[in-house]
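I have placed the structure first, in the form of structure tokens, so that the comments after it can refer back to it.
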Amino acid sequence: DAKTTQPPSMDCAEGRAANLPCNHSTISGNEYVYWYRQIHSQGPQYIIHGLKNNETNEMASLIITEDRKSSTLILPHATLRDTAVYYCIVAPVSNDYKLSFGAGTTVTVRA
Amino acid sequence: EAQVTQNPRYLITVTGKKLTVTCSQNMNHEYMSWYRQDPGLGLRQIYYSMNVEVTDKGDVPEGYKVSRKEKRNFPLILESPSPNQTSLYFCASSSAGYRSYEQYFGPGTRLTVT
Chain W
22 DAKTTQPPSM DCAEGRAANL PCNHSTISGN EYVYWYRQIH SQGPQYIIHG LKNNETNEMA
82 SLIITEDRKS STLILPHATL RDTAVYYCIV APVSNDYKLS FGAGTTVTVR A
Chain L
197 EAQVTQNPRY LITVTGKKLT VTCSQNMNHE YMSWYRQDPG LGLRQIYYSM NVEVTDKGDV
257 PEGYKVSRKE KRNFPLILES PSPNQTSLYF CASSSAGYRS YEQYFGPGTR LTVT
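Residue numbers (the numbering used here), protein chains in the order written: chain W, 22 to 132; chain L, 197 to 310.
Here it is as structure tokens:
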């Protein structure tokens with residue numbers, strides 16, 4: 022599976038957009054980019070995923086560069102409840118459905 | 197409400213005393229798995245199941261057993277717990293195919309083995 026690189030931490034002001042980068046320069050053609058988050062010691066929560074097109078849902082937007090070597094998760098209007106560890110995961114379509122969580126980015130939203 | 201439930205949420209036990217952590221999902225998902233989370237090591241997969249009676253080892257299966265006799269349930273069994281199995285455990289489920297990586301996680305079970 023492709024390895025991902027994320028900054029260890031970042032701060033964001035409440036009400037502002039939070040842009041979370043992820044580098045996945047070794048991504049293969051059949052690998053998707055998934056984002057999860059984990060609010061302190063709770064179960065991880067699926068946010069969004071994409072292959073090569075930009076995606077948006079009620080939680081966030083995912084921007085994937087044209088060469089697919091990096092992506093950005095955008096939380097459009099961060100709230101205090103968005104404080105969490107955010108994980109960028111690259112996963113192929115395979116039979117084991119295993120999510121390989123790295124260290125993630127600890128996002129702190131400040132009032 | 198779609199959910200994955202785990203019981204117990206907290207458990208303190210002693211070395212060698214067999215225990216079972218239950219996991220149940222109400223979404224008719226084919227895929228279920230168990231993870232453990234430890235500081236500095238992140239989330240690691242223990243076992244997974246593609247469907248009833250189909251299970252396989254994840255990255256850290258030693259000391260654990262699972263069974264999948266019903267589609268909704270996937271219990272994690274520690275037959276002889278040891279202190280190194282003190283951890284935070286999560287169960288997850290998803291449907292098969294395209295949406296397989298959109299996994300729903302349970303609230304976690306914090307296990308302490310003394």
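Ideal placement from N, C-alpha and C gives every residue a C-beta, glycine not left out.
Values in this document were obtained by computation on a predicted structure and should not be read as measured data.
Cβ-Cβ separation, W:I68 to W:R58 (assumed contact under 8 angstroms), whole Å:
6 angstroms
Of all the options W:Q27, W:I110 and W:N40, which has the alpha carbon lying nearest to the alpha carbon of W:V130?
W:N40
Whose Cβ in chain L lies nearer than 7 angstroms to the Cβ of W:G64?
F286, F301, G302, P303 and G304
For L:P279, the three-state DSSP class (helix, strand or coil):
helix
Enumerate in chain order the residues of its own chain whose CB-to-CB distance from L:R264 is below 8 angstroms, with the five nearest sequence positions on each side excluded.
M228, S245, N247, V248, E249, V250, T251 and F270
Cβ shell of L:I208 (< 6 angstroms), same chain only, five flanking positions each side left out
T308
Thinking just about the alpha-carbon of each residue, which of W:L72, W:H45 and W:A34 is nearest to the one in W:N51?
W:L72
Any beta carbon from chain L within less than 8 angstroms of W:K24's own beta carbon?
no
Say whether chain L places a C-beta atom closer than 8 angstroms to the C-beta of W:Y55.
yes
Cα-Cα separation, W:C43 to L:K213:
43 angstroms
Cβ neighbours of L:P204 in the same chain (closer than 8 angstroms, five flanking residues each side left out)
V217 and T305
Just reading off the beta strand (DSSP E) that L:M246 is part of, what are its end residues?
G238 to N247
Quick check: the Cα distance between W:Y108 and L:T211, rounded to an integer number of angstroms?
33 angstroms
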